[in-house]
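The structure appears below as C-alpha coordinates.
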Amino acid sequence: MKIVQKNIINSGADVIVISANKALLAGSGVSGAVHKAAGPALEAYVKPLAPVLPGDAIISPAFNLPAKYVVHAVCPHFYDGLRGEPQQLAAAFNRAVELCNGCDDVDSVAFMAMGMGVCNWPLAEAAAVAAQELAKSRYQRTYLCLIEPKLVAGYQRAFDRQCEDFNLSGECG
0 MKIVQKNIIN SGADVIVISA NKALLAGSGV SGAVHKAAGP ALEAYVKPLA
50 PVLPGDAIIS PAFNLPAKYV VHAVCPHFYD GLRGEPQQLA AAFNRAVELC
100 NGCDDVDSVA FMAMGMGVCN WPLAEAAAVA AQELAKSRYQ RTYLCLIEPK
150 LVAGYQRAFD RQCEDFNLSG ECG
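Going by numbering that gives the first Met the number 0, the letters in the sequence shown line up with residues 0 to 172, in that order.
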(Lines of atoms letter the chains of each structure in order from A and count residues from 1; the text may use other names and numbers.)
(Lines give C-alpha, C1' and ligand atoms only; values in the text may rest on other atoms or scores of the structure.)
Protein backbone atom coordinates (compact mmCIF):
# COMPACT_ATOMS: atom_id res chain seq x y z
CA MET A 1 0.00 0.00 0.00
CA LYS A 2 1.37 3.34 -1.02
CA ILE A 3 0.08 6.90 -0.81
CA VAL A 4 0.88 8.84 -3.97
CA GLN A 5 0.23 12.48 -4.76
CA LYS A 6 -1.24 12.20 -8.26
CA ASN A 7 -4.46 12.15 -10.21
CA ILE A 8 -6.09 8.69 -10.02
CA ILE A 9 -6.78 8.78 -13.77
CA ASN A 10 -3.03 8.71 -14.42
CA SER A 11 -2.19 6.26 -11.63
CA GLY A 12 -1.07 3.49 -13.96
CA ALA A 13 -3.20 0.99 -12.02
CA ASP A 14 -5.20 -1.79 -13.66
CA VAL A 15 -8.28 -0.76 -11.66
CA ILE A 16 -9.30 2.65 -10.40
CA VAL A 17 -11.82 2.77 -7.57
CA ILE A 18 -13.97 5.88 -7.29
CA SER A 19 -16.73 7.12 -5.02
CA ALA A 20 -19.99 6.97 -6.93
CA ASN A 21 -23.52 8.15 -6.31
CA LYS A 22 -26.42 5.67 -6.15
CA ALA A 23 -27.37 6.45 -9.75
CA LEU A 24 -23.76 5.77 -10.91
CA LEU A 25 -23.87 8.97 -12.96
CA ALA A 26 -21.04 11.46 -13.39
CA GLY A 27 -20.84 13.68 -10.37
CA SER A 28 -18.59 16.53 -9.47
CA GLY A 29 -14.93 16.13 -8.63
CA VAL A 30 -13.13 12.86 -9.29
CA SER A 31 -16.22 10.97 -10.44
CA GLY A 32 -17.00 13.60 -13.04
CA ALA A 33 -13.39 13.68 -14.25
CA VAL A 34 -13.31 9.89 -14.58
CA HIS A 35 -16.58 9.83 -16.54
CA LYS A 36 -15.36 12.61 -18.83
CA ALA A 37 -12.02 10.89 -19.50
CA ALA A 38 -13.66 7.49 -20.05
CA GLY A 39 -16.14 8.88 -22.56
CA PRO A 40 -19.92 8.44 -22.91
CA ALA A 41 -19.69 4.65 -23.12
CA LEU A 42 -18.98 4.50 -19.37
CA GLU A 43 -22.25 6.15 -18.41
CA ALA A 44 -24.15 4.05 -20.96
CA TYR A 45 -22.67 0.91 -19.40
CA VAL A 46 -23.34 1.73 -15.73
CA LYS A 47 -26.73 3.47 -15.99
CA PRO A 48 -28.76 0.21 -16.28
CA LEU A 49 -26.94 -1.18 -13.20
CA ALA A 50 -28.28 1.57 -10.91
CA PRO A 51 -29.36 2.12 -8.25
CA VAL A 52 -26.55 0.85 -6.04
CA LEU A 53 -26.87 1.17 -2.28
CA PRO A 54 -24.20 2.65 0.01
CA GLY A 55 -21.62 0.05 0.94
CA ASP A 56 -21.93 -1.74 -2.40
CA ALA A 57 -20.06 -1.33 -5.69
CA ILE A 58 -20.07 -2.40 -9.33
CA ILE A 59 -17.25 -2.86 -11.82
CA SER A 60 -17.16 -1.63 -15.41
CA PRO A 61 -14.72 -1.53 -18.29
CA ALA A 62 -12.52 1.58 -18.24
CA PHE A 63 -13.27 2.47 -21.87
CA ASN A 64 -10.99 5.43 -22.81
CA LEU A 65 -9.13 5.51 -19.48
CA PRO A 66 -5.56 4.19 -19.15
CA ALA A 67 -6.81 1.35 -16.92
CA LYS A 68 -8.64 -1.93 -17.45
CA TYR A 69 -11.57 -1.40 -15.09
CA VAL A 70 -13.36 1.17 -12.95
CA VAL A 71 -14.98 0.17 -9.68
CA HIS A 72 -17.83 2.49 -8.71
CA ALA A 73 -18.17 2.26 -4.92
CA VAL A 74 -21.14 3.98 -3.32
CA CYS A 75 -20.09 5.62 -0.07
CA PRO A 76 -22.54 6.64 2.63
CA HIS A 77 -23.09 10.26 3.58
CA PHE A 78 -21.50 11.11 6.92
CA TYR A 79 -23.88 12.48 9.53
CA ASP A 80 -22.47 11.81 12.98
CA GLY A 81 -20.67 8.47 12.67
CA LEU A 82 -23.30 6.81 14.85
CA ARG A 83 -25.66 5.59 12.10
CA GLY A 84 -23.47 2.83 10.71
CA GLU A 85 -21.56 5.11 8.34
CA PRO A 86 -18.07 3.72 9.19
CA GLN A 87 -19.30 0.16 8.61
CA GLN A 88 -20.89 1.14 5.29
CA LEU A 89 -17.71 2.90 4.14
CA ALA A 90 -15.67 -0.16 5.13
CA ALA A 91 -18.14 -2.33 3.20
CA ALA A 92 -17.65 -0.15 0.09
CA PHE A 93 -13.87 -0.68 0.31
CA ASN A 94 -14.34 -4.43 0.86
CA ARG A 95 -16.77 -4.79 -2.04
CA ALA A 96 -14.38 -2.88 -4.32
CA VAL A 97 -11.51 -5.23 -3.44
CA GLU A 98 -13.80 -8.24 -3.85
CA LEU A 99 -14.70 -7.10 -7.38
CA CYS A 100 -11.00 -6.62 -8.22
CA ASN A 101 -10.23 -10.10 -6.91
CA GLY A 102 -12.70 -11.50 -9.44
CA CYS A 103 -10.57 -10.26 -12.35
CA ASP A 104 -7.68 -12.50 -13.40
CA ASP A 105 -5.85 -9.70 -15.20
CA VAL A 106 -5.50 -7.29 -12.25
CA ASP A 107 -2.17 -6.65 -10.51
CA SER A 108 -2.68 -3.10 -9.25
CA VAL A 109 -5.50 -1.05 -7.75
CA ALA A 110 -5.78 2.70 -7.14
CA PHE A 111 -8.26 4.23 -4.70
CA MET A 112 -9.27 7.85 -4.26
CA ALA A 113 -10.20 9.55 -0.99
CA MET A 114 -13.45 7.61 -0.67
CA GLY A 115 -16.30 9.45 1.03
CA MET A 116 -14.66 12.86 0.85
CA GLY A 117 -16.40 15.64 -1.05
CA VAL A 118 -20.17 15.43 -1.44
CA CYS A 119 -20.49 12.62 1.13
CA ASN A 120 -19.17 15.04 3.78
CA TRP A 121 -16.77 12.69 5.53
CA PRO A 122 -14.37 14.40 7.93
CA LEU A 123 -10.78 13.75 6.89
CA ALA A 124 -9.74 11.90 10.05
CA GLU A 125 -12.70 9.51 9.95
CA ALA A 126 -12.46 8.75 6.22
CA ALA A 127 -8.70 8.22 6.49
CA ALA A 128 -9.05 5.88 9.48
CA VAL A 129 -11.49 3.63 7.59
CA ALA A 130 -9.26 3.69 4.48
CA ALA A 131 -6.17 2.76 6.51
CA GLN A 132 -7.97 -0.11 8.21
CA GLU A 133 -9.44 -1.53 5.01
CA LEU A 134 -6.59 -0.96 2.56
CA ALA A 135 -4.16 -2.69 4.91
CA LYS A 136 -6.08 -5.87 4.00
CA SER A 137 -5.48 -5.56 0.24
CA ARG A 138 -3.78 -8.58 -1.32
CA TYR A 139 -2.41 -6.41 -4.13
CA GLN A 140 1.23 -5.44 -3.64
CA ARG A 141 0.55 -2.48 -5.88
CA THR A 142 -2.32 -0.80 -4.04
CA TYR A 143 -2.28 2.98 -4.29
CA LEU A 144 -4.18 5.75 -2.59
CA CYS A 145 -4.13 8.63 -5.07
CA LEU A 146 -4.56 12.06 -3.52
CA ILE A 147 -3.97 15.47 -5.07
CA GLU A 148 -4.30 17.94 -2.20
CA PRO A 149 -1.36 18.14 0.26
CA LYS A 150 -3.84 18.45 3.16
CA LEU A 151 -5.36 15.08 2.23
CA VAL A 152 -1.94 13.47 1.83
CA ALA A 153 -0.96 14.61 5.34
CA GLY A 154 -4.25 13.50 6.90
CA TYR A 155 -4.20 10.08 5.29
CA GLN A 156 -0.52 9.68 6.11
CA ARG A 157 -1.31 10.23 9.82
CA ALA A 158 -4.04 7.56 9.69
CA PHE A 159 -1.78 5.09 7.89
CA ASP A 160 1.07 5.80 10.32
CA ARG A 161 -1.24 4.75 13.14
CA GLN A 162 -2.22 1.61 11.20
CA CYS A 163 1.33 0.62 10.30
CA GLU A 164 4.40 2.08 11.99
CA ASP A 165 6.72 1.73 9.00
CA PHE A 166 4.32 3.15 6.40
CA ASN A 167 5.55 6.29 4.63
CA LEU A 168 5.23 8.09 1.32
CA SER A 169 8.31 6.45 -0.16
CA GLY A 170 7.76 2.99 1.26
CA GLU A 171 5.16 0.40 1.86
CA CYS A 172 3.41 -0.99 4.90
CA GLY A 173 4.70 -4.35 5.97
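The beta-carbon is built from N, C-alpha and C at its ideal position, and this holds for glycine as well.
Taking a cut-off of 8 Å for Cβ pairs, the stretch 1–12 and the stretch 42–55 do not touch, as fewer than three such pairs fall below it. Per DSSP, Tyr44 lies in no beta strand (DSSP E); the unbroken alpha helix (DSSP H) holding it starts and ends at Pro39 to Val45.
Around the beta carbon of Tyr142, 16 or more other beta carbons sit within 10 angstroms, so the residue counts as buried.
Setting aside the 5 residues that flank it on each side, Val105 is surrounded in the same chain by Asp13, Val14 and Cys99, each with a C-beta closer than 6 Å to its C-beta; the list follows chain order.
At least 8 Å separates the beta-carbon of Val33 from that of Ala109.
Taken through DSSP and simplified to helix, strand or coil, Pro148 comes out as helix. Under DSSP, Val3 forms a beta bridge with Cys144. When C-beta atoms of the stretch 132–140 are compared with those of the stretch 50–60, fewer than three pairs fall below 8 Å, so the two segments do not count as touching.
With respect to Ala66, Ala56 sits apart: the two C-beta atoms are not nearer than 8 Å. Apart from the 5 residues on each side of it in sequence, Ala95 sits with its Cβ closer than 7 Å to the Cβ of Val16, Ala56, Val70 and Ala72 in its chain, given in chain order.
Looking only at Leu150, Asn63, Leu122 and Gly38, the smallest Cα-Cα distance to Pro85 is reached by Leu122. Shown here, Phe110 sits in a strand according to DSSP, grouped into three states. A direct Cα-Cα distance of roughly 16 Å separates Asn63 from Val29. Around the CB of Pro148, fewer than 16 other CB atoms lie within 10 Å, so the residue is classed as exposed. For Tyr68, DSSP records a beta bridge to Val14 and Pro60. Take Gly114, set aside five residues on each side of it, and the residues of its chain with a beta-carbon closer than 7 Å to its own are Ser18, Cys74, Phe77, Leu88, Trp120 and Ala125, in chain order. Ala91 is a Cβ neighbour of Gly54, given a cutoff of 8 Å.
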